[in-house]
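Have a look at the structure below before the remarks.
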Amino acid sequence: MSGFAIGSKRAGDGGRTPVFRWECPCRQQPVLLATYDAAGRINIKVRDRYWHVHGQVQAICPRCGAEHILDLRHVEPPSSPPDRQRPNRSV
Ligand SMILES: [Zn+2]
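At position 41 of the sequence shown the residue is numbered 64 (our numbering), and the sequence of numbers has no breaks.
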């Protein structure tokens, strides 16, 4: 029944969408920078706030100080309307 179970204690949207972890592998236990889902939405938890970001986001690892860039601009939501297709080269 449960295909994806990634230790998230609380899912904002009911937990139907699989959530991926964006983390820095600098430690043996990777440092979680943010999570994101298949629809391209990035979820960043800062203290008591929850940020939802679309597109590209940069984060700095609090452990090693490395800068990470997560770019989900190419991700298309799976529930996009089928009759609205973008032409590639035709005008
Ligand atoms: Zn790091």
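Idealized CB from N, CA, C, for every residue including glycine.
Is the beta carbon of residue i sitting closer than 7 Å to the one on residue j?
{"i": "Asp71", "j": "Val42", "result": "no"}
{"i": "Leu55", "j": "His91", "result": "no"}
{"i": "Gly63", "j": "Leu95", "result": "yes"}
{"i": "Ile83", "j": "Val76", "result": "no"}
{"i": "Arg44", "j": "Arg86", "result": "no"}
Whole angstroms is fine: what's the gap from residue i's alpha carbon to residue j's?
{"i": "Gly88", "j": "Gln81", "result": "12 Å"}
{"i": "Ala28", "j": "Thr40", "result": "Residue placement at Ala28 cannot be trusted, given a pLDDT of 48 that sits under 50; the coordinates are not used to answer."}
{"i": "Ala34", "j": "Tyr73", "result": "Its pLDDT being 48, under 50, Ala34 is placed unreliably in this model, and the value from its coordinates should be taken loosely. Ala34 and Tyr73: Cα-Cα distance of roughly 11 Å."}
{"i": "Arg112", "j": "Gln79", "result": "25 Å"}
{"i": "Thr58", "j": "Glu46", "result": "8 Å"}
{"i": "His97", "j": "Lys68", "result": "23 Å"}
List, from N- to C-terminal side, the beta strand (DSSP E) runs of 3 residues or more that fit wholly inside the region 55-88.
64-69, 72-77 and 79-83
For review: beta carbons within less than 6 Å of any heavy atom in ligand 1
Cys47, Cys49, Val54, Cys84, Arg86, Cys87 and Ala89
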